Structures are given as C-alpha cells and as structure tokens.
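Student: Have a look at this one before I ask anything.
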Amino acid sequence: MTELEPTYAAAQANLAPRKASATIPDSADHASRLEVAAYRVSQWLRSPRPYLMLVGFVLFLGFWYLAVEVWKLPRFSQMPGPTAVISEWLSPDPTYGLSIYSPEYYQHIWVSWRRVSIAFILATAMGVPLGLLLGWSQRFKEYVFPVFELLRPIPPLAWVPLAIIMFQGSETPIIFLTFLASFYATTLNTMLGVESIDVSFIRAAYCLGAKRQQVFWHVIVPGAMPFIFTGLQISVGVAWFSLVAAEMVSGQYGLGYLINTSYTMVQYPTMVIGMFTLGVVGYLTSAGVRLLGNYMMQWRARELAIGGER
Amino acid sequence: MNPERAAACERSIAAPLPATSSSPEKPRRGEIRIADVIKIYGSEANGIRAVDKCTFDVPAGKITVVVGPSGCGKTTLLNAIAGFHSITSGTIHLDGKVLCGAGRPKAEPGPDRIVVFQNGALFPWKTIIENVAFGPIVQGRLTRRQAFDQARTMLAEAGLRNLESNYPGEISSGMRRRVEITRALMNDPKVLLLDEPYRALDSLTKSVMHEALLETFDRNQVTIFFITHDLEEAIFLGHRVVIMTTRPCRPKKVLTVDIPHPRDYSVLTAKRFREYLDETAAAVHEEALKAFAAGERER
C-alpha cells in the first residue's frame, strides 16, 4: 500500500493544476451539466464578446440606414432601408401583407424547414453509412468513389430539369435537389473522418482482441465522429442554399418562393424579410447540429473545455 | 525533487526488497525467440532492408530493452511480433509456438501480446474505465460489470484512482501511458510490447514513468519488450539490453544488466550503472553516427 502512495501523490499533483485552470465551481469533480452551462453563460457575459457582437450589429444596421435613407447612394436607391424593413416586419398591419403577425409568414418558414429537415435526414441516413463504407473498405472505394467524384461537381441547379422529369409533383423534386448537396458534403466528410483515424487506435483494438466488426463500431464510428459532425454542419448549410434555388424554380410556399415572388411583385421589404428570416433559421439549424454534436461527443467537448477558451 | 517522492525513494532504498507479495510465483511466460528474421519493404530485389538476419531471445518474466538509432528497424521487429506486419523470412516463436515464420509470414494480433504505442492509443472517445475494460468485454471473457469491477481494482492498484469517468484528453500524458499499461495488463498478456512509450514526455515525467513501470513489473512479473533510443533508459529498466545496428537492424551487442530489481532512481548514480553505460555508449554512438551519415529520418 505505502509503496503505491508516491505515484498516487504524483498523479494528484499532475491533476490538480488542470482542475484549477478549468475553474469549474469547486467541489465539482463532476459538475452537473446545468452548472457548467450556467458557468459558461456567465463567463460569456463577462467577456467582451457579446458587446463586440452588439457593436458589429449596430455598425451594420447603421451603415445600411445611412447608405439607403440618409446618403441615398446610387447603388442603394432601389433597396428598402432598415426602418422600412423592420417596421414592415413588426407591423400588425403590413403594407404588403406579410409580417410576424401573419400566419402565412410561418407557413413559409414551416414549409422550408420541413423540406430541409427531410432532405437533411435523408442525406445523413445515406451519407454517413456510405462515407463509413468508403473509408473502411478500399475495394468499395475503388468501385464507387470515381462515380461519386464525377457526380459531385454537378451543381444542384443543373439537376432541376431532370428532377422535375423524374419526380412527381413539386415537393419531391425540391427535396431531391436540397438533398443532393447535403449528401455529398456528409459522405465526403465521413469518408475523410474514417481516413483520418490514427492507425494506432485500430491496431490497439485488434491487440486487445477486438474482431473486425467490433473495431468498426468501437473505433471507426466514434473516431470519425468529429469529421461527421463537421460534415453535418456544412450539410445543413448547403441544404438551405440549394433549397432556396429549388424553391425559386417551383413550389407554392417556402422562403425561397417568398423571396422570388416578392421580387416579381416589387414588394422589396418583404423580399428582405425573407432573406433575414433565412439567415436566422439557417443559423438556428446549424447551431442545433453543433449542439447535438457536442452532446454526442462529450469527450471532445470536455477536451476542448480544458484546452481553455481557444 | 518533490519531498514526498524523495521520502518514498529513501524508504525503498532502506527497506528490504518488498517480495512480490500480491502474486505468488506465476509460471514465467512470454519468452520470445527471434531467429534469422529478415524484413524487406518493397520487392525482394531492390526494396528497403529494414531487418537483416536478426536473432536474439527475449527471456520470460524479464525486461528486455532494444536500443538503436531512430528509424533503424526496431519498430518493424515489434510490429512483426504484434502481428501488424509480415516478415520476409525467419521465424518468431512465443513460448515455443510459431508466431510467424515460413508459410505464415504475418502473426495474428491478439491479447497475449499487447502493444503500448509511441503516441498513446487510449481511445479518446471512451472514458478511462471503458478503455481499461475494453479488452475483456470485446473478447467476451467478462461481462461489462465484471470487467468494470476488475478495471477499478487494477486502476487502484496502479495508483490511478478517481480517474475512471474522465476522458483521456482530460488527464496528463504521463497518466495516459500508465492507464494504457493498465489496459494492457487487464488481459493478462504474455508479453507487453512497448514502442518508445515515453518518447514524447519531458524528462521529469519520464523518471516518474520509469519508476511506475518498474513498480508494475515488480507486481506482475510480465515479460516486457521495450524499444527506445535512450541508452540510459535502457540500462535503467532492462534485465537485458540489446543494442541494434542501424538499418538494416540486427543485434550488435547484448548486455545483461546485473543490477537487482526492484530498482529505483538511486541506481542512476550507482557505479555499476555508470560502468554499463561506459561499456555500451561507444557502440550506440557509432551506430548513431552511421545512421546520421546515412540520413535516416524519422518514420
């Protein structure tokens, strides 16, 4: 027993400074997730970041306001100013019939969101397994990857006519087009994720007696996870890209459709409302994916937390 | 030096050798016989000859340290024993059974020979205890609960309590190496294959690690095959030190280090230790020069 003590003491000495530097409330060998979250928020509020962010927004809106409504710069003459957009957006009785009070507004958001979700889930459900297989089996990659690389550069817009011919109605072609770019991003990142895994981990697993299938589930899948989630974040981003392109071509609802119709009907403030709404919804979905990633990769979140503020 | 450690060292010098109380003489196992092993990367005719006519023994229940310049082919040898690489010719026996040889160029990796890797290979996505319990679980030897219980005991024995639910990224690299060795020992391996495990550590941490390894050895008497390019480390740890030539690698000098175990850091200043060092430094240096002249690079 006594002979173990020195090393144990050394172990504790090794650990102590790390815990101190993480400054998670004391006694917290295992601070609850809520505590950690509250701590993070309070740290964030104490850092200059939120205030700098605010300054950024004020500068942006200020420039927009000055350029359009005060200086009336030539390029900006047709553009609606921020006061016009914001008052339209928040008005219970909007001039062009669309604001946060109109149910139609939420209809557009819902329809777009639903399309993106379906496309994203399909892309993930197909892209992740395909990527894992491409990274795991050299033979499979040799068959499939060249075809994949040939199809990948074709922009979703080039698929529009074919999508309309191939699929019934207007909903499925839109979802298909939204799916495409997402699928490429997810597959490619997953494959790179598998290829990025240090061979030592795979060897260690075999050494410890794992079978091929166990190596796949215990090493390949979790090892590729960081890349997979990077891929998924790119994937939701490009899903919104191609969604809007697809909605501008066909459809009855959706934010892309809204932007396009308000353009043709010269309802410029509504058009800008549509754009900002896309920005907000797009941001929220990718933040959601990031949160899900952190939740599923506790090990990584904790590693980064110890690394400090980065 | 940390006063607690100093006290501990003094205690262990003064005290009679603690007989390995926890393990009553297990049958010694893990003897490796390497005979005429040749490994050529690429084609037989104009490939790179990494190992050439290499013959030596790794005695059971001892620490054998292989020293050689970087990139000399020591790791190739280790990989052949572990079953990661094939050999071109020759044979390697483990406890009298052929691991690899004629008609079977590549050994099958398995839990009787566990590698501790240069850069560490604890799975970052598993907690410490999940890592340590991994072997018996995937082999189907123990249930999850049994494996966890055993892992807890082994971690405590190694002085690694309170780390169970941490992830490897949260503990120091020195601790990670020790957890990795514990993970290996969970499988009761015949031999531990250590591939320059302390290379990336600073010298202070290294000295702590050396003592911890020796302590582990004293407790388990497991056969250890240890690769390094650090001669002092080799003599300090090894019962037997095999000095390798630069590529192609073969034993240049085999040294039996006659300093009794358990050893601690007082050995480093002992006269006998210095003599061994003097005896071998020239040989190692000569090979290092050759390697340097040949422009060997890290792999």
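Protein sequences appear in the order of chains A and B. Using the numbering used here, the first residue of the first sequence is number 1, and each one after it goes up by one. Using the numbering used here, the first residue of the second sequence is number 1001, and each one after it goes up by one. Even for Gly, the Cβ is constructed at its ideal location relative to N, Cα and C. Note that the coordinates shown come from a computational prediction; the quantities given were computed from them, not determined experimentally.
(1) Return helix, strand or coil for W299(A), following the three-state DSSP convention.
(2) Could one say the Cβ of G135(A) lies closer than 8 Å to chain B's Cβ atoms, at least one of them?
(3) Within the 8 Å Cβ cut-off, does F201(A) reach chain B?
(4) For the beta strand (DSSP E) holding F1226(B), just list the boundary residues, first then last.
(5) For a test of the three-state rule: what should DSSP assign to H1085(B), helix, strand or coil?
(6) What are the start and end residues of the beta strand (DSSP E) that includes A1270(B)?
(7) Could you tell me whether the stretch 1253–1267 of chain B touches the stretch 1202–1221 of chain B, using the rule of 3 or more Cβ pairs below 8 Å?
(8) P129(A) to V219(A), Cα distance in whole Å?
(9) Taking C-beta to C-beta, are V194(A) and L132(A) nearer than 8 Å?
(10) Kindly indicate which three-state DSSP category Y1041(B) falls into: helix, strand or coil?
(11) Roughly how many angstroms separate the alpha carbons of V111(A) and Q78(A), rounded to a whole number?
(12) Can you name the start and end residues of the alpha helix (DSSP H) that T1182(B) belongs to?
(13) With C-beta atoms as the reference, is T186(A) less than 8 Å away from G127(A)?
(14) Beta carbons nearer than 8 Å to chain A: which residues of the stretch 1052–1086 of chain B have them?
(15) Checking contacts by CB at 8 Å: is E1170(B) closer than that to chain A?
(16) Looking at chain B, which residues of the stretch 204–223 of chain A have a Cβ within less than 8 Å of any of its Cβ atoms?
(17) For L1094(B), which residues of its own chain have a beta-carbon under 6 Å away from its beta-carbon, when the five flanking residues on both sides are left out?
(18) Near F120(A), which residues of its chain fall below 7 Å by C-beta distance, leaving aside the five closest residues on each side in sequence?
(19) List the residues of chain A whose Cβ lies closer than 7 Å to the Cβ of N1220(B), in chain order.
(20) Check the Cβ of V1132(B) against every Cβ in chain A and list those closer than 7 Å, keeping chain order.
(21) Classify I1137(B) as helix, strand or coil using the three-state DSSP reduction.
(22) Between which two residues does the alpha helix (DSSP H) holding T1256(B) run?
(23) So I1114(B) contacts chain A; which residues on that side make the cut at Cβ distance below 8 Å?
(24) Have a look at L1069(B) and I197(A) and give me their C-alpha separation to the nearest angstrom.
(25) Taking the straight line between their C-alpha atoms, what separation do you get for L90(A) and T1127(B)?
(26) Check each candidate in V266(A), G97(A) and G62(A) and name the one with the smallest Cα separation from W81(A).
(27) Identify the continuous alpha helix (DSSP H) that holds K1206(B) and give its terminal residues.
(28) Tell me the rounded alpha-carbon separation between A1353(B) and H1210(B).
(29) Beta-carbon separation of L1115(B) and A1080(B) under 8 Å?
(30) Do the stretch 1100–1113 of chain B and the stretch 1269–1288 of chain B meet, that is, are 3 or more Cβ pairs less than 8 Å apart?
(31) Taking Cβ positions, are L1193(B) and F1236(B) nearer each other than 8 Å?
(32) Here's a check: name, in chain order, each residue in its chain whose Cβ is nearer than 8 Å to the Cβ of S1021(B), leaving out the five neighbours to either side.
(33) Run through DSSP, which three-state label would D1095(B) get?
(34) Do N1119(B) and S200(A) count as a contact pair if the criterion is CB distance below 8 Å?
(35) With 8 Å as the threshold, decide whether the Cβ of G1135(B) is near any Cβ in chain A.
Tutor: Per the coordinate set shown:
(1) Stepping through the first sequence from its first residue, residue 299(A) is reached at position 299. Reduced to three states, the DSSP call for W299(A) is helix.
(2) The sequence position of residue 135(A) within the first sequence is 135, counting from 1. No, G135(A) does not count as interfacial toward chain B.
(3) Within the first sequence, numbered from 1, the residue matching residue 201(A) stands at position 201. At a cut-off of 8 Å, the C-beta of F201(A) has a neighbouring C-beta in chain B.
(4) Within the second sequence, residue 1226(B) is the residue found at index 226, counting from 1. T1223 to T1228 is the span of the beta strand (DSSP E), which, as asked, contains F1226(B).
(5) Position 85 of the second sequence holds residue 1085(B). DSSP, reduced to helix, strand and coil, places H1085(B) outside both helices and strands of the structure shown, so it counts as coil.
(6) Along the second sequence, one-based indexing puts residue 1270(B) at 270. From DSSP, A1270(B) is part of no beta strand (DSSP E); its letter is neither H nor E.
(7) yes
(8) Residue mapping note: residue 129(A) aligns to position 129 of the first sequence, counting from 1. Residue mapping note: residue 219(A) aligns to position 219 of the first sequence, counting from 1. Using only the alpha carbons, I get a separation of about 15 Å.
(9) Locating residue 194(A) in the first sequence gives position 194, counting from the first residue. Locating residue 132(A) in the first sequence gives position 132, counting from the first residue. It is a contact, given that the beta carbons lie within the stated cut-off.
(10) Here residue 1041(B) refers to the residue found at position 41 when the second sequence is read from its first residue. Strand at Y1041(B).
(11) Here residue 111(A) corresponds to residue number 111 of the first sequence, with the count starting at 1. Here residue 78(A) corresponds to residue number 78 of the first sequence, with the count starting at 1. Cα to Cα, V111(A) sits roughly 29 Å from Q78(A).
(12) Position 182 of the second sequence, counting from 1, holds the residue named residue 1182(B). From DSSP, the alpha helix (DSSP H) with T1182(B) extends over S1173 to L1185.
(13) For the purposes of this step, residue 186(A) is taken as the residue at position 186 of the first sequence. For the purposes of this step, residue 127(A) is taken as the residue at position 127 of the first sequence. Yes. Within cutoff.
(14) A1082, G1083 and F1084
(15) Taking the second sequence and counting its residues from 1, the one referred to as residue 1170(B) is at position 170. Cβ-Cβ to chain A under 8 Å: yes for E1170(B).
(16) A204, A205, Y206, C207, L208, G209, A210, K211, Q214, H218, V219, P222 and G223
(17) Position 94 of the second sequence, counted from the first residue, corresponds to residue 1094(B). By the criterion of a C-beta distance shorter than 6 Å, L1094(B) is surrounded in its chain by I1032, once the five residues flanking it on both sides are discounted.
(18) Translated into positions along the first sequence, residue 120(A) becomes position 120. Result list for F120(A): S182, S235, V236 and A239, in chain order.
(19) Counted from its first residue, the second sequence places residue 1220(B) at position 220. Here the premise fails: no neighbours, minimum Cβ distance about 14 Å.
(20) In the second sequence, residue 1132(B) corresponds to position 132, counting from 1. Here the premise fails: no neighbours, minimum Cβ distance about 10 Å.
(21) Looking up residue 1137(B) in the second sequence gives position 137. Residue state, collapsed to three classes: helix.
(22) Here the question's residue 1256(B) lines up with position 256 in the second sequence. Not the alpha helix (DSSP H): T1256(B) falls in the beta strand (DSSP E), residues P1251 to T1256.
(23) Position 114 of the second sequence, counted from the start, is the residue given in the question as residue 1114(B). Correct list: C207 and L208.
(24) Along the second sequence, one-based indexing puts residue 1069(B) at 69. Along the first sequence, one-based indexing puts residue 197(A) at 197. Contrary to the premise, residue 1069(B) reads as Pro rather than Leu in this sequence. About 28 Å.
(25) The count along the first sequence starts at 1 and reaches residue 90(A) at position 90. The count along the second sequence starts at 1 and reaches residue 1127(B) at position 127. Each residue's alpha carbon lies about 50 Å from the other.
(26) As a working mapping, residue 81(A) is identified with position 81 in the first sequence. The amino acid at residue 81(A) is misidentified as Trp; the sequence shows Gly. Answer by Cα proximity: G62(A).
(27) Counted from its first residue, the second sequence places residue 1206(B) at position 206. Segment S1203 to N1220, the alpha helix (DSSP H) holding K1206(B).
(28) No statement about residue 1353(B) is possible, as the shown extent of chain B runs from 1001 to 1299 and does not include it.
(29) Residue mapping note: residue 1115(B) aligns to position 115 of the second sequence, counting from 1. Residue mapping note: residue 1080(B) aligns to position 80 of the second sequence, counting from 1. Note on residue identity: the sequence assigns Val, not Leu, to residue 1115(B). No, they are not a contact pair.
(30) no
(31) Mapped onto the second sequence, residue 1193(B) falls at position 193. Mapped onto the second sequence, residue 1236(B) falls at position 236. Not in contact: L1193(B) and F1236(B) (Cβ atoms no closer than 8 Å).
(32) In the second sequence, the residue the question calls residue 1021(B) occupies position 21. With a pLDDT of 42 at S1021(B), under the threshold of 50, the predicted position of this residue should be treated as unreliable, and no value is reported.
(33) Indexing the second sequence from 1 puts residue 1095(B) at position 95. Coil.
(34) Reading the first sequence from its first residue, position 200 is the one you call residue 200(A). Reading the second sequence from its first residue, position 119 is the one you call residue 1119(B). A contact, by the Cβ cut-off of 8 Å.
(35) Counting from one through the second sequence, the residue named residue 1135(B) turns up at place 135. Taking Cβ atoms only, chain A reaches closer than 8 Å to G1135(B), which makes this a yes.
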